[in-house]
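Asks:
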Amino acid sequence: MSEETPREDLESVRREKLDKIAALGLDPWGQRFDDHRAIAEVRALPTPEPGSEGPGPRVRVAGRIVLRRGQGKVHFLQLRDWTDQIQIFLGKNQVGEAAWSLAGLLDLGDLIGVDGTLGFTKTGELTVFADGLTFLGKSLLPPPEKWHGLTDVEQRSRQRYVDLFSNPESMRTFLGRTRILAAFRRVLADRGFVEVEGPTMQSIAGGAAARPFVTHHNALDLNLYLRIALELHLKRLLVGGMERVFEIGRVFRNEGISRKHNPEFTMLEAYQAYGDYHVMMDLTEALICGAIDAIGGGYQRPWGESTVDFTPPWPRRTYADLFREYVGVDPSDETAVRARAETLNLTTVGKDRDVIVSELFEELVEDRLQGPVFVIDYPAAICPLTKRKAGDPAIAERFELFVHGMELANAYTELNDPVLQESLFRNQLAGQKAEDSMATMDDDFVRALKHAMPPAGGLGVGIDRLCMLLLNKASIRDVILFPLLRPEGIV
RNA sequence: GGGGCCGUGGUGUAACGGCGGCAUAUCGGCCUUUUAAGCCGGGAGGUGAGGGUUCGAAUCCCUCCGGCCCCA
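Read in order, the letters of the first sequence are residues 56 to 546 in this note's numbering.
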């Protein structure tokens, strides 16, 4: 041993143990391991009280060693799987010689399977008393510090695999996200919606106002855009007669990265023929309440230092009302609107009134909406895909759902007039930045509308931000498994 | 794009411009039901990278890399 001059680094030590495990005739990378039970399930089994006689139930569990104590003829391990963790008692006399040789080679981070009986130790800790030990995988790298886990936020995003197994809270968060998505699909299926898939590569990136990513298809020698919204293809399906469709998918926007923005993020869009935006408000409440029911924790939900009350129904306030309340002028009073904007040093010259109104709303209203609140009836000029209110063409039948200043959902009574749609595609508002405009002609979409799209309600929900709110995470990176980061340099 | 903050053994942290410590993990020794990390001993980092100031730099300055926050 001494003349081998083993390298002292932590990985080498573990490689040597791996060799020793192989020398025992065991596969250090493990094999199929059938019928183990989730640790959370095992913990819920009826078990004889501490001190009482009689064996507990037989169990088989598998997971990662996250704690290890005792070095004599008894080892205590904490074994963690994706549901929970549990103590394992490993005694020399109980597991036999072969397993005991293996026990001495176990490291924190290794994967093992355990057969045994469930019971309590003298001190009352629920424990699997092992009589069988199966090696399932060698960890060659040491896990992070055992009590604090991995705390560096950058490393948690970069090495999500370590974050997930070392920080149970992170595992809970991401499993919560999948429950939210599953609940969405359930609610939609219950209402007769079908899930479809539109193209992610498009020659016209429409349906929203955002800068797209550009890519190139070689065989067609064609520049393509990654989609920035799901809208226009789902509406084509309404024309085709698919009456209730939805898609949950990634969209891509070539813009900044922040606490609330990742370049690729997940949207739900749902379209219901013969509905309108009021129908979509009801659907929005049903979806989000369904998600809350699925993850548990009730309708009073913590959000940072405060609480959000999601108990439905949520208030519905008109855009104009809120504008008057927070901005202090009437949005239709152009002179007053311009004067108010000047007091905030917003430039107004050459800008359409509705562009200024929209800027004031973003500046003075949105951040103050604690919510949840449906903001309804937007100025038509900033809603080029939305049907105008019957009898008031200046108002669009649109709502956005706000919670703590974050826009969670956006929905319309969909514009289905092809003539108006075509003219709106041509008409960029004065003073509007190109990336805020949806004025990109999509001839095929207009052609589809000419075949008659049924009157319909449409809804978009930003899944990532909803997950942030429902799971109380301050950064979008905490709810996206692999957020975009700069590549690491060569180590 | 502007402003602020941060980067120290695998991990988590400490160090006034003056010998880079502590904890955990790891290695060796002792211990058959332990209690959020049992006892004793050992090894492991030269402080994100590169320059500069200084007798002396983790600490001050500059550039770069990476990250976080706020604003646009």
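Just so it is clear, CB atoms sit at the ideal spot from N, CA and C, and this is done for glycine as well.
Look up M226 in the DSSP assignment and say whether it is helix, strand or coil.
Replies: Walking along the first sequence from the start, residue 226 turns up at place 171. If DSSP states are grouped into helix, strand and coil, M226 belongs with the helices.
Asks: Do you know how far the Cα of L285 is from the Cα of F457?
Replies: Numbered from 1 along the first sequence, position 402 holds the residue referred to as residue 457. Numbered from 1 along the first sequence, position 230 holds the residue referred to as residue 285. Taking the straight line joining both Cα atoms gives about 21 Å.
Asks: Check L65 in the structure and name its three-state DSSP category.
Replies: Position 10 of the first sequence, counting from 1, holds the residue named residue 65. Helix.
Asks: Under the three-state reduction of DSSP, which class applies to M297: helix, strand or coil?
Replies: The residue labelled residue 297 in the question sits at position 242 within the first sequence. Here M297 sits in coil by DSSP.
Asks: According to DSSP, is E58 helix, strand or coil?
Replies: Within the first sequence, residue 58 is the residue found at index 3, counting from 1. Reliability fails at E58, whose pLDDT of 27 lies under 50, so the model's placement of it is uncertain and the value that follows must be treated cautiously. Correct three-state label for E58: helix.
Asks: Which residues does DSSP list as the beta-bridge partners of A378?
Replies: As a position in the first sequence, residue 378 is number 323, starting the count at 1. Per the sequence shown, the amino acid found at residue 378 is Phe instead of Ala. None, per the DSSP bridge assignment.
Asks: How many Å lie between L547 and L157 at the Cα?
Replies: In this structure the chain extends from 56 to 546, so residue 547 is not present and cannot be described.
Asks: Quick one: which unbroken alpha helix (DSSP H) runs of 4-plus residues sit fully inside the stretch 100-177? Chain order, please.
Replies: 147-158
Asks: Which whole-angstrom value describes the C-beta separation of P538 and N222, a residue pair presumed to lie in contact below a C-beta threshold of 8 Å?
Replies: Reading the first sequence from its first residue, position 483 is the one you call residue 538. Reading the first sequence from its first residue, position 167 is the one you call residue 222. Rounded, the Cβ-Cβ distance is 16 Å, inconsistent with contact.
Asks: Checking 8 Å against the spacing of the C-beta atoms, do M226 and W155 come in under that value?
Replies: Here the question's residue 226 lines up with position 171 in the first sequence. Here the question's residue 155 lines up with position 100 in the first sequence. Cβ distance not < 8 Å, so M226 and W155 don't count as in contact.
Asks: Scan the stretch 210-257 and note each continuous alpha helix (DSSP H) run of 4 residues or more that stays entirely inside, going in chain order.
Replies: 215-221, 223-245
Asks: How big is the Cα-Cα spacing for A153 and R211?
Replies: Against the first sequence, residue 153 aligns to sequence position 98. Against the first sequence, residue 211 aligns to sequence position 156. The straight-line gap from Cα to Cα measures roughly 38 Å.
Asks: Below 8 Å, can you find three or more Cβ-Cβ pairs linking the stretch 345-359 to the stretch 380-399?
Replies: no
Asks: Under the assumption that L236 contacts I343 (Cβ atoms under 8 Å), give the Cβ distance between them as a whole number of angstroms.
Replies: For the purposes of this step, residue 236 is taken as residue 181 along the first sequence, with counting starting at 1. For the purposes of this step, residue 343 is taken as residue 288 along the first sequence, with counting starting at 1. Contact flag wrong, Cβ pair sits at about 13 Å.
Asks: How long is the line joining the alpha carbons of L163 and L540, rounded to whole angstroms?
Replies: Here residue 163 is taken as the residue at index 108 of the first sequence, counted from 1. Here residue 540 is taken as the residue at index 485 of the first sequence, counted from 1. For L163 and L540, the distance between alpha carbons rounds to 29 Å.
Asks: How would you label K505, buried or exposed, when you count the other beta carbons within 10 angstroms and need 16 or more for buried?
Replies: Counting from one through the first sequence, the residue named residue 505 turns up at place 450. Per the 10 Å Cβ criterion, exposed.
Asks: Which of the three DSSP states, helix, strand or coil, is assigned to Y354?
Replies: The sequence position of residue 354 within the first sequence is 299, counting from 1. Looking at Y354 - three-state DSSP - the assignment turns out to be coil, as it is neither helix nor strand.
Asks: Tell me, please, which residues DSSP counts as bridged to N465.
Replies: To locate residue 465, count along the first sequence from 1; it is residue 410. N465 pairs with E455, G515.
Asks: Please determine, among G405, E252, R70, the residue with the shortest C-alpha to C-alpha distance to L289.
Replies: What you label residue 289 is simply residue 234 of the first sequence in a count that begins at 1. Here the closest residue by C-alpha is E252.
Asks: Is L287 closer than 8 Å to G581 when the C-beta atoms are compared?
Replies: Past the boundaries of the shown model lies residue 581; the chain is included only from 56 to 546, so the question cannot be answered.
Asks: Measure the C-alpha to C-alpha separation of F184 and L100 and round it to an integer number of angstroms.
Replies: Here residue 184 corresponds to residue number 129 of the first sequence, with the count starting at 1. Here residue 100 corresponds to residue number 45 of the first sequence, with the count starting at 1. If I take the Cα positions, the gap works out to 15 Å.
Asks: In three-state terms, what does DSSP make of P434?
Replies: Against the first sequence, residue 434 aligns to sequence position 379. Assigned with DSSP and collapsed to three states, P434 falls in strand.
Asks: How about F248 and V300: do their beta carbons lie closer than 8 Å?
Replies: Translated into the one-based positions of the first sequence, residue 248 becomes position 193. Translated into the one-based positions of the first sequence, residue 300 becomes position 245. Cβ distance < 8 Å, so F248 and V300 count as in contact.
Asks: Compare the Cα-Cα distances from L415 to each of F429, V404, L399, G405 and report the closest residue.
Replies: The sequence position of residue 415 within the first sequence is 360, counting from 1. Closest by alpha carbon: L399.
Asks: Is the stretch 326-336 touching the stretch 498-516, taking contact as three or more C-beta pairs under 8 Å?
Replies: yes
Asks: From the DSSP output, read off the bridge partner residues of T441.
Replies: If you number the first sequence from 1, residue 441 lands on position 386. Answer by DSSP bridge pairing, in chain order: E469.
Asks: If you reduce the DSSP assignment to three classes, tell me which class E319 lands in.
Replies: For the purposes of this step, residue 319 is taken as the residue at position 264 of the first sequence. Here E319 sits in strand by DSSP.
Asks: Using the DSSP secondary-structure output, state which residues sit across from T189 in a beta bridge.
Replies: Start at 1 with the first residue of the first sequence, and residue 189 comes out as number 134. DSSP lists G168 as partners of T189.
Asks: Determine the DSSP secondary structure at R520, reduced to helix, strand or coil.
Replies: Within the first sequence, numbered from 1, the residue matching residue 520 stands at position 465. Helix.
Asks: Quick one: any contact between the stretch 168-175 and the stretch 86-104, if contact means 3 or more CB pairs under 8 Å?
Replies: yes
Asks: Which stretch, first to last residue, makes up the beta strand (DSSP E) that contains T362?
Replies: Position 307 of the first sequence, counted from the first residue, corresponds to residue 362. First-last of the beta strand (DSSP E) with T362: 361-364.
Asks: Given a cut-off of 8 Å on the beta-carbon distance, is the pair E340 and P370 in contact?
Replies: By 1-based counting over the first sequence, the position of residue 340 is 285. By 1-based counting over the first sequence, the position of residue 370 is 315. Annotated as distal: E340 and P370, with beta-carbon spacing of 8 Å or more.
Asks: Determine the direct distance from the alpha carbon of N527 to that of E418, and round the result to whole angstroms.
Replies: One-based indexing of the first sequence puts residue 418 at position 363. One-based indexing of the first sequence puts residue 527 at position 472. For E418 and N527, the distance between alpha carbons rounds to 25 Å.
Asks: Nearest by alpha-carbon distance to E469: which of I437, P509, L243, F480 is it?
Replies: As a working note, residue 469 is residue 414 in the first sequence. Selected option, being the one with the closest Cα: P509.
Asks: My guess is that Q142 and F131 are in contact by the Cβ rule of under 8 Å, so how many angstroms apart are they, rounded?
Replies: Translated into the one-based positions of the first sequence, residue 142 becomes position 87. Translated into the one-based positions of the first sequence, residue 131 becomes position 76. Right, their Cβ atoms sit about 6 Å apart.
Asks: Report all residues from its chain with a CB closer than 6 Å to the CB of R453; omit the five preceding and five following residues, and keep chain order.
Replies: In the first sequence, the residue the question calls residue 453 occupies position 398. Excluding positions up to five away in sequence, the list reads Y433, C438, T441, Y467.
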